[in-house]
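Each remark here refers to the structure printed beneath this line.
Number of protein chains: 2
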Amino acid sequence: MGITERKQKEKQEMRQRILDGARKIFLQNGYEQTSMRNIAAEISYSAGVIYFHFKDKGEIFQELHKEGFNLLLKQLRVLDSVIDPFERLKASGRAFIQFAQENKDYYNLMFLVEEPLKNSEESGFQIAKEAIKYLHDLVLECQQAGRFKDMDPEYLTFMILSATHGICALFCKDRTMSFEHKTNKELMDNGYACFVSLLEKG
Amino acid sequence: MGITERKQKEKQEMRQRILDGARKIFLQNGYEQTSMRNIAAEISYSAGVIYFHFKDKGEIFQELHKEGFNLLLKQLRVLDSVIDPFERLKASGRAFIQFAQENKDYYNLMFLVEEPLKNSEESGFQIAKEAIKYLHDLVLECQQAGRFKDMDPEYLTFMILSATHGICALFCKDRTMSFEHKTNKELMDNGYACFVSLLEKG
DNA sequence: AAATGTATTGAACAGTGTTCAATAAAACAA
DNA sequence: TTGTTTTATTGAACACTGTTCAATACATTT
Numbered sequence: 001m002g003i004t005e006r007k008q009k010e011k012q013e014m015r016q017r018i019l020d021g022a023r024k025i026f027l028q029n030g031y032e033q034t035s036m037r038n039i040a041a042e043i044s045y046s047a048g049v050i051y052f053h054f055k056d057k058g059e060i061f062q063e064l065h066k067e068g069f070n071l072l073l074k075q076l077r078v079l080d081s082v083i084d085p086f087e088r089l090k091a092s093g094r095a096f097i098q099f100a101q102e103n104k105d106y107y108n109l110m111f112l113v114e115e116p117l118k119n120s121e122e123s124g125f126q127i128a129k130e131a132i133k134y135l136h137d138l139v140l141e142c143q144q145a146g147r148f149k150d151m152d153p154e155y156l157t158f159m160i161l162s163a164t165h166g167i168c169a170l171f172c173k174d175r176t177m178s179f180e181h182k183t184n185k186e187l188m189d190n191g192y193a194c195f196v197s198l199l200e201k202g
Numbered sequence: 001m002g003i004t005e006r007k008q009k010e011k012q013e014m015r016q017r018i019l020d021g022a023r024k025i026f027l028q029n030g031y032e033q034t035s036m037r038n039i040a041a042e043i044s045y046s047a048g049v050i051y052f053h054f055k056d057k058g059e060i061f062q063e064l065h066k067e068g069f070n071l072l073l074k075q076l077r078v079l080d081s082v083i084d085p086f087e088r089l090k091a092s093g094r095a096f097i098q099f100a101q102e103n104k105d106y107y108n109l110m111f112l113v114e115e116p117l118k119n120s121e122e123s124g125f126q127i128a129k130e131a132i133k134y135l136h137d138l139v140l141e142c143q144q145a146g147r148f149k150d151m152d153p154e155y156l157t158f159m160i161l162s163a164t165h166g167i168c169a170l171f172c173k174d175r176t177m178s179f180e181h182k183t184n185k186e187l188m189d190n191g192y193a194c195f196v197s198l199l200e201k202g
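Those protein sequences? They're chains A and B, same order as listed. So that you can map any letter, position 88 of the first sequence is 88 in our numbering, and since no number is skipped, the others follow by simple counting. So that you can map any letter, position 175 of the second sequence is 175 in our numbering, and since no number is skipped, the others follow by simple counting.
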């Protein structure tokens, strides 16, 4: 079965080619401003063929959504070497914010676009749950180490994510100009440091 | 000049009529899913006439954006009667979150849509700055009352807004389902309470 | 060489924001 | 009352969007 095998590989390659084109345009112009014809032109195919390989624009979105989470999780896993859970928690937040700074459009795709979550309970949703679990486990470890006593770990996890996400969301949707600051990076980093100093007292 | 006066009033009324139709559809279907033809149909006019009264879709957006901030500021001003600044700060956050819960689509317009901020330095941007100033002054008052010693008020303001906004942003973009909770309201309220308990230690 | 299945195209559909000539309506001038 | 100018409104058109689908080209199997 050498031929059907190659066929499958070619099909997979075409899927990847579309995804590569889509990623480029998506991350250049944002989700809404990217058209199927743009993607098709980028890879020098007709627009119609995309629908042979993907159900619709939403499925391409989901794929890149997943990609983004894998990239984020990869960057977070580097911190596994940090032994103290609270130190790892603090560093994870910094890494999270850095991810948003360096991958603004991935971040938009992952956390700020409406689209995807109608057909939830799916794989593209599963990876997000995995990322939350990462944070949740970290919080539990901190509590086992004596931190955050008498706090509900579920709500605490949600709150920590919210605070960090809030910083990134204001940045990604250009809502930082009401603050007097030199650079966005400075505002975000110092804002997060401010949050960390609160955490340290808890 | 009775006639030109009435004319002006009629023009203003037409502007308002368009705005009312736009608000209804915007807050029903969201910004991107609302078309000029939808708005026109809602008020039983042709689509073209909107462009006689508004530059483009973005200007309508800006108007509703401003409306949203006025509504928010009105709800916040109720808390002026709370004397203790820290209590007022905590209540402001609760009011902010409640506003997001009850006006999800206004909130989206105000904090989560790309559109408007290209032509910044304008009135639609000014009102946002006013809201930030409200929070900033509150933070300064807290510091004068002995709270948040040795913290930069600028970054602290940004952080508090971020944390609160993060809660609302996750809610408004339907990113709460990774958490095990009964209702969104419960998750948000308890998440915010969690943040407040941190603030109290600072 | 013929038949089958798979991949690709390009036209078409119904929708979008926006523009603009034509027109209707109202206000002003004679 | 006429005619003229301003102002408001329409509806057609343009270039775009996501998506579907008959026609077609290609590769593989018979």
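Note that the Cβ used here is the ideal one computed from N, Cα and C, for glycine as well. All figures in this text were calculated on a predicted structure; none of them were measured in a lab.
Euclidean distance between Cα positions of residue i and residue j
i, j, result
"residue 163 (chain B)", "residue 138 (chain B)", "16 Å"
"residue 2 (chain A)", "residue 9 (chain A)", "11 Å"
"residue 32 (chain A)", "residue 144 (chain A)", "44 Å"
"residue 154 (chain B)", "residue 129 (chain A)", "34 Å"
"residue 147 (chain A)", "residue 159 (chain A)", "15 Å"
"residue 27 (chain B)", "residue 110 (chain B)", "12 Å"
"residue 14 (chain A)", "residue 43 (chain A)", "10 Å"
"residue 35 (chain B)", "residue 176 (chain B)", "29 Å"
"residue 120 (chain A)", "residue 174 (chain B)", "In this prediction, residue 120 (chain A) has a pLDDT of 45, which is less than 50 and means its spatial position is unreliable; what the coordinates show is noted afterwards. If you take the alpha carbons of residue 120 (chain A) and residue 174 (chain B), they lie about 11 Å apart."
"residue 5 (chain B)", "residue 182 (chain A)", "48 Å"
"residue 187 (chain B)", "residue 45 (chain B)", "43 Å"
"residue 56 (chain A)", "residue 48 (chain A)", "11 Å"
"residue 25 (chain B)", "residue 105 (chain B)", "10 Å"
"residue 127 (chain B)", "residue 16 (chain A)", "45 Å"
"residue 79 (chain A)", "residue 93 (chain A)", "11 Å"
"residue 107 (chain A)", "residue 152 (chain B)", "28 Å"
"residue 157 (chain B)", "residue 136 (chain A)", "26 Å"
"residue 170 (chain A)", "residue 168 (chain B)", "12 Å"
"residue 7 (chain A)", "residue 58 (chain B)", "48 Å"
"residue 202 (chain B)", "residue 190 (chain B)", "19 Å"
"residue 83 (chain B)", "residue 131 (chain B)", "19 Å"
Close beta carbons around residue i, own chain, < 7 Å, minus the five adjacent residues each side
i, result
"residue 185 (chain A)", "101"
"residue 63 (chain B)", "19"
"residue 75 (chain A)", "95, 99"
"residue 179 (chain A)", "187"
"residue 133 (chain A)", "none"
CB contact below 8 Å: residue i versus chain A
i, result
"residue 151 (chain B)", "yes"
"residue 191 (chain B)", "yes"
"residue 156 (chain B)", "yes"
"residue 195 (chain B)", "yes"
"residue 87 (chain B)", "no"
"residue 120 (chain B)", "With a pLDDT of only 44 at residue 120 (chain B), under 50, the local geometry of the prediction cannot be trusted, and no value is derived from it."
Contacting residues, own chain, Cβ-Cβ under 6 Å from residue i (five flanking each side not counted)
i, result
"residue 60 (chain B)", "22, 54"
"residue 90 (chain B)", "196"
"residue 86 (chain A)", "142, 147"
"residue 52 (chain B)", "none"
"residue 113 (chain A)", "31"
"residue 140 (chain A)", "153"
Per-residue contacts from residue i into chain B (C-beta, under 7 Å)
i, result
"residue 178 (chain A)", "128, 129, 132"
"residue 175 (chain A)", "111"
"residue 63 (chain A)", "None at all; the shortest Cβ gap to chain B is about 18 Å."
is_contact[residue i, chain B] using C-beta, thresh 8 Å
i, result
"residue 97 (chain A)", "no"
"residue 114 (chain A)", "yes"
Per-residue contacts from residue i into chain B (C-beta, under 9 Å)
i, result
"residue 201 (chain A)", "198, 201, 202"
7 Å Cβ cut-off: residues of chain A touching residue i
i, result
"residue 170 (chain B)", "162, 165"
"residue 32 (chain B)", "32"
heavy atom of the ligand MN below 7 Å from residue i C-beta
i, result
"residue 77 (chain A)", "Looking for the ligand MN in the displayed structure turns up nothing, as the structure carries no ligands at all."
Chain A contact residues for residue i, given Cβ-Cβ distances below 9 Å
i, result
"residue 187 (chain B)", "154, 155, 158"
"residue 181 (chain B)", "154, 155, 158"
Cβ shell of residue i (< 8 Å), same chain only, five flanking positions each side left out
i, result
"residue 203 (chain A)", "Nothing in the structure corresponds to residue 203 (chain A), since chain A is present only between 1 and 202."
"residue 149 (chain B)", "143"
Validate contact between the stretch 68-86 of chain B and the stretch 99-108 of chain B using beta carbons, cut 8 Å, 3 pairs: yes
The stretch 164-171 of chain B contacting the stretch 190-200 of chain A, beta-carbon criterion three pairs below 8 Å: no
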